[in-house]
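Written below as structure tokens is the structure these notes are about.
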Amino acid sequence: MMRYTTIYLILFAILVSCTEKAEPEVSADRIFYNGPIYTMDDGAPEVEAVAIKADTFLYVGTKAGAETYRGASTKMVDLAGKTMVPGLTEGHAHIMGVGYNLLNVDLREAKSYQEVVEMVVDRAASTPEGTWIIGRGWHQDKWTEKPEMTNGFPTHDLLSEAVPNHPVYLKHASGHAALANAKAMEMGGVDANSDQPNGGEIFKSVSGEPTGIFNETAQGLITKVIPDATKESDEQALRLALDQCFKYGITGFHQAGSGPDHIDLYKDFAQRDELKLRLYVMLNGRDESLLEEYFKKGIEEDLFDNQLTVRSVKLYADGALGSRGAWLLEEYTDAPGVHGHNVMPMEDIEDVTQKSYKAGFQVCVHAIGDRANREVLDIYERTFKLYPESAPKEPRFRIEHAQHFHPDDIPRFAEMGVIPSMQAIHMASDRPWAIDRLGQQRIEWGAYMWQTLLQSGAKIVNGTDAPVEPITPLASFYASVSRRTLQGNPEGGYEPTEKMTREQALRSYTLDAAFAAFREDRKGSIKVGKWADLTIFDQDIMTIPEDDILNTKVSMTMIGGEIVYEAE
Numbered sequence: 007m008m009r010y011t012t013i014y015l016i017l018f019a020i021l022v023s024c025t026e027k028a029e030p031e032v033s034a035d036r037i038f039y040n041g042p043i044y045t046m047d048d049g050a051p052e053v054e055a056v057a058i059k060a061d062t063f064l065y066v067g068t069k070a071g072a073e074t075y076r077g078a079s080t081k082m083v084d085l086a087g088k089t090m091v092p093g094l095t096e097g098h099a100h101i102m103g104v105g106y107n108l109l110n111v112d113l114r115e116a117k118s119y120q121e122v123v124e125m126v127v128d129r130a131a132s133t134p135e136g137t138w139i140i141g142r143g144w145h146q147d148k149w150t151e152k153p154e155m156t157n158g159f160p161t162h163d164l165l166s167e168a169v170p171n172h173p174v175y176l177k178h179a180s181g182h183a184a185l186a187n188a189k190a191m192e193m194g195g196v197d198a199n200s201d202q203p204n205g206g207e208i209f210k211s212v213s214g215e216p217t218g219i220f221n222e223t224a225q226g227l228i229t230k231v232i233p234d235a236t237k238e239s240d241e242q243a244l245r246l247a248l249d250q251c252f253k254y255g256i257t258g259f260h261q262a263g264s265g266p267d268h269i270d271l272y273k274d275f276a277q278r279d280e281l282k283l284r285l286y287v288m289l290n291g292r293d294e295s296l297l298e299e300y301f302k303k304g305i306e307e308d309l310f311d312n313q314l315t316v317r318s319v320k321l322y323a324d325g326a327l328g329s330r331g332a333w334l335l336e337e338y339t340d341a342p343g344v345h346g347h348n349v350m351p352m353e354d355i356e357d358v359t360q361k362s363y364k365a366g367f368q369v370c371v372h373a374i375g376d377r378a379n380r381e382v383l384d385i386y387e388r389t390f391k392l393y394p395e396s397a398p399k400e401p402r403f404r405i406e407h408a409q410h411f412h413p414d415d416i417p418r419f420a421e422m423g424v425i426p427s428m429q430a431i432h433m434a435s436d437r438p439w440a441i442d443r444l445g446q447q448r449i450e451w452g453a454y455m456w457q458t459l460l461q462s463g464a465k466i467v468n469g470t471d472a473p474v475e476p477i478t479p480l481a482s483f484y485a486s487v488s489r490r491t492l493q494g495n496p497e498g499g500y501e502p503t504e505k506m507t508r509e510q511a512l513r514s515y516t517l518d519a520a521f522a523a524f525r526e527d528r529k530g531s532i533k534v535g536k537w538a539d540l541t542i543f544d545q546d547i548m549t550i551p552e553d554d555i556l557n558t559k560v561s562m563t564m565i566g567g568e569i570v571y572e573a574e
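Take the sequence shown: its letters are residues 7 to 574, numbered as in this note's numbering.
Here it is in structure tokens:
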């Protein structure tokens, strides 16, 4: 009996040892499963599970395949029907502006000039007299109640009367115009005798007095007397902006123009591992000494554990459509004789473009109007032909905004490999009044031409231009696929043939955005060996009804395998 018992125990031990799962040679830190996973990888566009090790995707495929990487310490994450996509990239925005918009007076939701003034009065009540009050976000064409206008804009009188003892400076939503009160103009030395600056305009009344509106470069007459931000306020603004990015699922950010002080701030944050966001920085192209420094030392790529890259230059060809600063081939439909502004001399843009090209830096030029886009494309074309011996393999030059073209210029993007960096949310916000600026024909033939560009072979980078618009990718995604305002108008969308498909819209926020930053080999799709950057939504944005997209929330944001945001 004893002998049979011993044999039984041995056989039982052998059976148990055979059924116990052996520890895998490489075990994952996390395995995600049980929800739609859209990879943006053409080889496997949708998968069942993803395994992550450290900062990298270890496995992408079936649930059974992911299980082979499950070890004793692997955390199994049940998506419970939530949807995973590659980590979203904000393709054009201003990170310090995002933070300072939260610190200053945010005027984006104001529905009238009276409401703008009331918001400033509220801030003045808690601000010592003589201290500057700064705000941003007003847009006269979005007001439901219109005050008396001069040249299409409000005057300073109501603001100056309500807040006489604080200098007040309120930037237009576009950032290309501003409203100053009497105290601010007094401190800036602006009066009826002030000369008009190159590339801008002090709006004046019939009697010659300044109305308080400063367009394009004229803003410098006021901003030069506004005290510089402190290091402490800069740090506070950056932290607030980073929190906003993570909350809305943003893992990468194309920073549209920075000077040396802010670049040093990004480096300080990254060195302390406080940046985390993959920040792609464009140098301020107006800062000659900064450009000279970087052209000598070359690009800075994937600094501080892949948090920071500096390898492009930001320039400005024109202004904004809302302030009639966009540079047009023909006059504005609602302002005869007005063609907009060339805000930086084109010969200067060409000079910097050529120097950047020879130094291996990408060039990103702000161009909104059809003339500005044509002039920039001409400069790019001449540069590529003049310096073939110094040409990078793919310069990937960009035009930022690229809102309005002459039809003849649309194919040139794909032909030259120029990337249109377009913010779909601008169409949703601007289209109801943009037709007044351009007229029906120019709108239909050349404005917000997403599908036409894509069909020609161009790659589109999407974004919000925050703080011009709120930094919410889903709003731009919705605008991309619906061509409607955020209120859902009109039914069927504006110029519906130019809608993006949902796959195209997601690609513009992921893989094509990574391409525009020379990082499609490491980011932009969920693929083995790429950085584990991902965004998880509480709904499937690729299949839910269009109207439900704006109600979708971010459940989790991960950068390099680290969870930087998780919804409660």
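We put the CB at the ideal spot given by N, CA and C, even for glycine.
Identify every run of the beta strand (DSSP E) within the segment 477 to 548, keeping only runs that are complete inside it and at least 3 residues long; order them along the chain. Listed in chain order, the complete beta strand (DSSP E) runs (minimum 3 residues) inside the segment 477 to 548 are 540 to 543.
According to DSSP, is Tyr106 helix, strand or coil? helix
So is Asn495 buried or exposed if we call it buried at 16+ other beta carbons inside 10 Å? exposed
Check the DSSP bridge columns for Asn557 and list the partner residues they point to. None, per the DSSP bridge assignment.
By DSSP, does Ala198 sit in helix, in strand, or in coil? Coil at Ala198, not helix or strand.
Buried versus exposed call for Met155 [16 or more other C-beta atoms within 10 Å across all chains shown]: Exposed: under 16 other Cβ atoms inside 10 Å.
For Ala168, which residues in the same chain have their Cβ closer than 6 Å to its Cβ, ignoring the five residues on either side in sequence? Val123, Val127
Please classify Val22 as buried or exposed, where buried requires at least 16 neighbouring CB atoms within 10 angstroms. Caution applies to Val22, whose pLDDT of 43 falls short of 50 and renders its modelled position unreliable; the value that the coordinates give is listed next. It is exposed - the Cβ of Val22 has fewer than 16 other Cβ atoms within 10 Å.
Out of curiosity, what's the CA-to-CA distance linking Ser488 and Gln409? 17 Å
Can you look up Ser264 in the DSSP assignment and give me helix, strand or coil? strand
For Asn379, name the three-state secondary structure that DSSP assigns. helix
Close Cβ partners of Ser329 (< 7 Å) along its chain, the five nearest in sequence each way excluded: His178, Ser180, His182, Ala183, Asn221
Since Leu165 is in the alpha helix (DSSP H), which residue starts that stretch and which ends it? 163 to 168
Opening and closing residue of the beta strand (DSSP E) in which Trp144 lies: 139 to 144
Quick one: what's Tyr322 bridged to in DSSP? In the DSSP output, where bridge partners are listed per residue, Tyr322 has His372.
For Phe259, which beta-bridge partners are listed by DSSP? Glu96, Leu285
Exposed or buried, Pro413, counting other C-beta atoms within 10 Å across all chains shown (16 or more means buried)? exposed
Cβ pair count under 8 Å reaching 3, the segment 243 to 253 against the segment 198 to 206: Segments in contact, no.
Just list the alpha helix (DSSP H) runs in the segment 196 to 240, keeping only unbroken ones of 4 residues or longer that don't cross its boundaries, in chain order. 226 to 229
Between Ala130 and His172, how many whole angstroms is the CB-CB distance? I'm expecting something under 8 Å. Yes, they are in contact, since the Cβ atoms of Ala130 and His172 sit about 5 Å apart, within 8 Å.
Cβ shell of Leu64 (< 8 Å), same chain only, five flanking positions each side left out: Closer than 8 Å at Cβ, skipping near neighbours: Val32, Ala34, Ala57, Ile58, Tyr75, Val534.
Does the pairing of the segment 251 to 267 with the segment 514 to 530 give three or more beta-carbon distances under 8 Å? yes
Let me check understanding here. Comparing Cα to Cα, which of Glu475, Ile425, Gln447 lies closest to Val104? Glu475
What's the call for Pro551, buried or exposed, on a 16-neighbour Cβ count within 10 Å? exposed
For Gly41, does the three-state DSSP call read helix, strand or coil? Strand.
Please report the straight-line C-alpha distance between Gln447 and Phe411, rounded to a whole angstrom. 12 Å
Going by the CB atoms, is the gap between Ile101 and Ala532 shorter than 9 Å? This sequence places Ile at residue 532; Ala is not what is there. Not in contact: Ile532 and Ile101 (Cβ atoms no closer than 9 Å).
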